[in-house]
Every structure is written in structure tokens, then in C-alpha cells.
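Visitor: One structure follows; several queries about it will come next.
In this note's numbering, the protein residues as written are 13 to 187.
The following block contains the structure:
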């Protein structure tokens, strides 16, 4: 666990990390542990566009999808909520700056080996590949890792942990 700085008065918790790191599932459990609301940004995007994430990416392309994601994230105004972002949220500096102003950003870190186990097939998960379909999972991991680290207030390694154990570890890191 690494912590940058505590931000008093910000009561949201913003989860970032690779697809498959557990942001949505862990976020629900974390919200229950902390008696907070839960918001899934991917679901908000799907509801606002009435399409699945993968369909949006396939139809509009990665750049247009990222614009929609940026808009949805930048307009969030929740309080006392655990917010699970999509794995590509870190591509939008305005969105990440906004999220860091309304909450503490927690990076759910997993190793590349763990990612491979969790995401054996990510072709229909709505994963944004900025460099197109030829991008490997390793390329995606290497590209995103420094961005997650850049925006994180707290980093929690959740490799080899159950969802409940990982949520408890995050809750402990937030104290």
C-alpha cells in the first residue's frame, strides 16, 4: 500500500485500475463495508447512450468513446459514494482531475500475470484499445500502468485476494 496524501473533506472513493482488477465487484463490497453509495461509471455510460460499452467502441471507435467517457466522468457530482471507473478513465486528464477533486483515487493494482488469468478473453468486455485491435494485453498493461500510478492517491495491491479480502484491504488503506 502506498499513499500520496490525504484529502480532507472529500468523501467519495474513486476506484481505478485495469479491466478485471475488480473495480465494480470490489466497489459494491467496499461500499457496503463503509456504508456508502455505489456508482458504476460504465453503467452510467451505457445508460446515457443506450448501448453496451463494446457496442459503443465498435460503433464509434475508441476516440469517440473516450470523449463520451470523459464527459460522463467530468460531470459526476456524487457524495459519499464509491465510484468504479472504467479502466480507460485514466486516458482523460480533465476527467481524472475532476474525480481527484471530488474524492480519493484508489488504484487497484494487479500484476500482469494476474491480469492474464482474469482476462483470458477481453474481446467483448468493452476494453478501449487506443492503438487498435492489434494491441496486445501486455501493450495495454504497459501503457496504462504509469497513468494509474500518476493519478492514484492510494495504491492497493489486490493480487491473489478474494473480493472481500481486497475490499477490506482498501478500507484499511483509507483510514
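Where a beta carbon is used, it is the ideal one built from N, C-alpha and C, also for glycine.
Grab me the residues of residue 52's own chain with a C-beta within less than 6 Å of its C-beta, minus the 5 sequence neighbours each way, in chain order.
Guide: For residue 52, where only same-chain residues beyond five positions count, the Cβ hits under 6 Å are 36, 96.
Visitor: Under 8 Å between the Cβ atoms of residue 149 and residue 131?
Guide: In contact: residue 149 and residue 131 (Cβ atoms closer than 8 Å).
Visitor: Using the rule of at least 16 other Cβ atoms within 10 Å of the residue's Cβ for burial, across every protein chain shown, is residue 165 buried or exposed?
Guide: So residue 165 counts as buried.
Visitor: With DSSP run on the structure shown, which of helix, strand or coil describes residue 51?
Guide: Strand, per DSSP.
Visitor: Do you know how far the Cα of residue 174 is from the Cα of residue 184?
Guide: Roughly 15 Å separates the two Cα atoms.
Visitor: Which one or two residues does DSSP pair with residue 118 in a beta bridge?
Guide: Looking at the DSSP assignment, residue 118 forms a beta bridge with 27, 166.
Visitor: Rounding to the nearest angstrom, what Cα-Cα distance links residue 159 and residue 50 in this structure?
Guide: So the alpha carbons of these two residues sit roughly 24 Å apart.
Visitor: Could you check which residue in 41, 38, 94, 98 has the C-alpha nearest to that of residue 58?
Guide: Taking only the C-alpha atoms, the option nearest residue 58 is 98.
Visitor: By how many angstroms is the C-alpha of residue 178 removed from the C-alpha of residue 170?
Guide: Spanning the two alpha carbons is a distance of roughly 6 Å.
Visitor: Could you spell out where the alpha helix (DSSP H) holding residue 95 opens and where it closes?
Guide: Premise fails: residue 95 lies in the beta strand (DSSP E), 93 to 96, not in any alpha helix (DSSP H).
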